[in-house]
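Count along the sequence shown starting at 1, add 237, and that's the number in our numbering.
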Amino acid sequence: MGPAPSDSPAVILVDDEQDILFSYEVMLNGAGIVNVLTCSDSRDLLPLLAERETGVVVLDLQMPYLSGTELLGEIAANYPHVPVIIVTAANQLETAVACMKAGAFDYQVKPVEISRLVGGVRKALEMNALRREITSLRESLLSGQVRNRQAFAAILTRSPKMQAVFGYLEAIAATDQPVLITGETGVGKELLARAVHTLSGVAGDFVAVNAAGLDDLMFADTLFGHRKGAFTGAGEPREGMIARAADGTLFLDEIGDMSPASQVKLLRLLQEGEYHPLGADRPVPSRARVVVATNQNLDQLIVEGAFRKDLYYRLCAHQVEIPPLRERREDIPLLLEAFLKEAALTLRKDKPVYRPELLTHLSVCHFPGNVRELRAMVFDAVARHREGNLTPAAFCKKLGTKQQPPPRNPTPPGAQDRDFAVTGRFPKIKEMEQYLVEEALRLADGNQGAAAALLGMTRQALNKRLCRM
């Protein structure tokens, strides 16, 4: 019995002929399927299934002790989630059909073709991975809780939207399919990619590559590496980032900026599971999980012809969008406190105390740069701070005229002039109340919590007033 090299679901090959087992294993290893376990005694299979997570069983029909037909019945009864591929002789097609009716996933006819065996095993593994993903996602949604919070420790949030993102990533982390992370600049896409890497439990490294600004040759050399003499100046061989990410995660950022030629290379990598280092004659299997990110609208890029539709479909097997900071304003107090501590430590200063109105001020900001922009604002304010409490004035320079703090005394309708007698009409209290509520909601970009803070009332009180208006 040959050991499988990792803890991920194994491909178990069952045949009483060692030469056949060896040839199957070589076929699969050559196609990048390396987690293979061989079993030459049919009596060992059921105990093995009881102790080992299995992705697929490739089962010969004619074996001593227990036949493939008997084993198929046991697997279907006790391990219905494990796909079984039957291997049969050409004169056993009726038996193969009966096995399919009994629950087999597929059958192969001897002599087995490499492409057919590899294709069948890959399909079975993908189906099994999808089943595990659905089970995990269902459990996550039913529990409504994030089970592995430590994986997301670097992301400060109390937002329900972000908790939903965490739950989804937990559910899909164990699969080997690509993950597409979208979101505006500064929302923390790489932090989530690192969380996926941690959750997946892989032994290899997390390797990040920014695809923006890489021409086709640089992209290929960076990802695939090169052999000695592959091009002028290639005096020594160099391994690419995919090799460095073996048994780990390759994170490609800013994929929306990739050239058409680079997109083709990435598509082939995802389709074939292998790549050619520059100057190499033979392909090398890829053993890296691919996670990609972009701040661009890929749907729009596809319409414009700037991004390949087939590549998008390969990448979006698992897709998650990170909400911008303006859609999770409840995170601002948490982030402000953390960034103040970080800035004070970095700049070797005492952490300043901020006035309450600073939170009110920040809660109505648009933050086009999201969390990264808030962090930069805090560092700038702490660097310039000398004494006393930190006030909104310390942030005005960074915010500019479009994001100035809301006026303390908004001007009501009909009161542009200080002398109400000139206008000929003094505003009623109800008009003032309606104006203040509408103005607060406008400044808060529709966020009732932030608007309530501007008005000096609770969100519940504001909601009641809105119902009466």
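Don't be surprised by glycine CBs; every beta carbon is placed ideally from N, CA and C.
Could you pull the start and end residues of the beta strand (DSSP E) that H555 belongs to?
-> Locating residue 555 in the sequence shown gives position 318, where the first residue counts as 1. That run of the beta strand (DSSP E) goes H555 to E558.
Note down the Cα distance separating I418 from L250, rounded to an integer number of angstroms.
-> Start at 1 with the first residue of the sequence shown, and residue 418 comes out as number 181. Start at 1 with the first residue of the sequence shown, and residue 250 comes out as number 13. In this structure, the CA atom of I418 is about 36 angstroms from the CA atom of L250.
Distance, Cα to Cα, A339 vs T394?
-> Stepping through the sequence shown from its first residue, residue 339 is reached at position 102. Stepping through the sequence shown from its first residue, residue 394 is reached at position 157. Spanning the two alpha carbons is a distance of roughly 50 angstroms.
Relative to the alpha-carbon of P749, which residue among L611, C553, E288 and S304 has its alpha-carbon at the smallest distance?
-> As displayed, the chain neither begins before 238 nor continues past 706, which places residue 749 out of reach and without an answer.
Is the beta carbon of I392 less than 8 angstroms from the beta carbon of L428?
-> By 1-based counting over the sequence shown, the position of residue 392 is 155. By 1-based counting over the sequence shown, the position of residue 428 is 191. For I392 and L428, yes; Cβs fall inside 8 angstroms.
Contacts around V446, its chain only, beta-carbon distance under 8 angstroms, and the 5 residues preceding and following it disregarded | Numbered from its first residue, the sequence shown carries residue 446 at position 209. Cβ neighbours of V446 beyond the five flanking positions: T459, L460, M478, L487, F488, L489 and D490.
Going by the beta-carbon positions, is the gap between G470 and G516 smaller than 8 angstroms?
-> Within the sequence shown, the letter at position 233 stands for residue 470. Within the sequence shown, the letter at position 279 stands for residue 516. Contact: no.
In whole angstroms, what is the alpha-carbon distance linking A390 and H434?
-> Residue mapping note: residue 390 aligns to position 153 of the sequence shown, counting from 1. Residue mapping note: residue 434 aligns to position 197 of the sequence shown, counting from 1. So the two alpha carbons sit approximately 13 angstroms from each other.
Over the uninterrupted beta strand (DSSP E) stretch that includes C276, give me the two end residues.
-> The residue labelled residue 276 in the question sits at position 39 within the sequence shown. Here the beta strand (DSSP E) through C276 covers V273 to C276.
Measure the CB-CB distance between A687 and R612 and report whether it falls below 8 angstroms.
-> Here residue 687 corresponds to residue number 450 of the sequence shown, with the count starting at 1. Here residue 612 corresponds to residue number 375 of the sequence shown, with the count starting at 1. It is not a contact, given that the beta carbons lie outside the stated cut-off.
To the nearest angstrom, how far is it from the Cα of T422 to the Cα of R609?
-> Counting from 1 along the sequence shown, the entry for residue 422 is found at position 185. Counting from 1 along the sequence shown, the entry for residue 609 is found at position 372. When rounded, the distance between both Cα atoms is 8 angstroms.
Going along the chain, which unbroken runs of the alpha helix (DSSP H) with 4 or more residues stay wholly within the region 277-322?
-> Fully enclosed alpha helix (DSSP H) runs of 4 or longer: 282-288 and 305-315.
Taking just the CA atoms, how far does I323 sit from T306?
-> Here residue 306 refers to the residue found at position 69 of the sequence shown. Here residue 323 refers to the residue found at position 86 of the sequence shown. If you take the alpha carbons of T306 and I323, they lie about 9 angstroms apart.
Boundaries of the beta strand (DSSP E) in which Q345 is found, first to last residue | Here residue 345 corresponds to residue number 108 of the sequence shown, with the count starting at 1. Element bounds for Q345: D343 to V346.
Hey, how far is the Cα of H318 from the Cα of N266?
-> Your numbering for residue 318 matches position 81 in the sequence shown. Your numbering for residue 266 matches position 29 in the sequence shown. Their backbone Cα atoms lie some 24 angstroms apart in a straight line.
Taking DSSP as the reference, what is the three-state secondary structure of V674?
-> Working through the sequence shown from its first residue, we reach residue 674 at position 437. Reduced to three states, the DSSP call for V674 is helix.
Let me know if I409 comes out buried or exposed under the rule of 16 or more other beta-carbons within 10 Å of its beta-carbon.
-> Along the sequence shown, read from residue 1 onward, the residue named residue 409 stands at position 172. When all chains shown are included, I409 counts as buried.
Near P570, which residues of its chain fall below 7 angstroms by C-beta distance, leaving aside the five closest residues on each side in sequence?
-> Position 333 of the sequence shown holds residue 570. Once the five neighbours on either side are set aside, the close Cβ partners of P570 are L596.
Can you find a C-beta in chain D that's less than 8 angstroms from the C-beta of A631?
-> Here chain D cannot be found, since the structure has a single protein chain.
Name the DSSP bridge partner or partners of E511?
-> For the purposes of this step, residue 511 is taken as residue 274 along the sequence shown, with counting starting at 1. In the DSSP output, where bridge partners are listed per residue, E511 has P522.
From this set, A483, N328, L562 and G485, which residue's C-alpha is nearest G420's C-alpha?
-> Reading the sequence shown from its first residue, position 183 is the one you call residue 420. It is L562.
CB of L627 within 8 angstroms of CB of V601, strictly | The residue you call residue 627 lines up with position 390 of the sequence shown. The residue you call residue 601 lines up with position 364 of the sequence shown. Not a contact, by the Cβ cut-off of 8 angstroms.
Rounded separation between R386 and L274 - CA only | For the purposes of this step, residue 386 is taken as residue 149 along the sequence shown, with counting starting at 1. For the purposes of this step, residue 274 is taken as residue 37 along the sequence shown, with counting starting at 1. Cα to Cα, R386 sits roughly 34 angstroms from L274.
Hey, would you say G493 sits closer than 8 angstroms to Q533, going by beta carbons?
-> Locating residue 493 in the sequence shown gives position 256, where the first residue counts as 1. Locating residue 533 in the sequence shown gives position 296, where the first residue counts as 1. In contact: G493 and Q533 (Cβ atoms closer than 8 angstroms).
In whole angstroms, what separates the C-alpha of T531 from that of L504?
-> Here residue 531 is taken as the residue at index 294 of the sequence shown, counted from 1. Here residue 504 is taken as the residue at index 267 of the sequence shown, counted from 1. Answer to the nearest angstrom: the Cα atoms are 16 angstroms apart.
Using beta-carbon positions only, say whether P415 and R551 come within less than 8 angstroms of one another.
-> Here the question's residue 415 lines up with position 178 in the sequence shown. Here the question's residue 551 lines up with position 314 in the sequence shown. In terms of Cβ geometry, P415 and R551 form a close pair [threshold 8 angstroms].
Hey, would you say R368 sits closer than 8 angstroms to A411, going by beta carbons?
-> Taking the first residue of the sequence shown as position 1, residue 368 is located at position 131. Taking the first residue of the sequence shown as position 1, residue 411 is located at position 174. Cβ atoms of R368 and A411: not closer than 8 angstroms.
For E564, the three-state DSSP class (helix, strand or coil) = If you number the sequence shown from 1, residue 564 lands on position 327. The DSSP-derived three-state label of E564 is helix.
How is I249 classed by DSSP in three states: helix, strand or coil?
-> Locating residue 249 in the sequence shown gives position 12, counting from the first residue. Looking at I249 - three-state DSSP - the assignment turns out to be strand.
What are the boundary residues of the alpha helix (DSSP H) that V615 is part of?
-> As a first step, residue 615 is located in the sequence shown; it is residue number 378 there, counting from the start. Looking at the DSSP string, the run of the alpha helix (DSSP H) that includes V615 is N607 to R621.
What are the residues that DSSP puts in a beta bridge with H463?
-> Against the sequence shown, residue 463 aligns to sequence position 226. DSSP output for H463 lists R475 and L515 as bridge partner(s).
Where D547 falls: helix, strand or coil (DSSP) = Looking up residue 547 in the sequence shown gives position 310. DSSP places D547 in the helix class (H, G or I) of the three-state scheme.
Report, in whole angstroms, the separation of the C-beta atoms of L309 and L296, which I expect to be a contact under 8 angstroms.
-> Locating residue 309 in the sequence shown gives position 72, where the first residue counts as 1. Locating residue 296 in the sequence shown gives position 59, where the first residue counts as 1. L309 to L296, Cβ: 7 angstroms. Contact.
Span of the beta strand (DSSP E) around I418 = For the purposes of this step, residue 418 is identified with residue 181 of the sequence shown, where counting begins at 1. Where I418 is concerned, the enclosing beta strand (DSSP E) starts and stops at V416 to T419.
Note down, in chain order, each residue of its chain lying with its Cβ closer than 7 angstroms to the Cβ of I539, except the 5 sequence neighbours on either side.
-> Taking the sequence shown and counting its residues from 1, one reaches residue 539 at position 302. Within the same chain, I539 has close Cβ partners K546 and Y549.
What are the boundary residues of the alpha helix (DSSP H) that includes N742?
-> Because the chain spans 238 through 706 in this model, residue 742 falls outside it and cannot be assessed.
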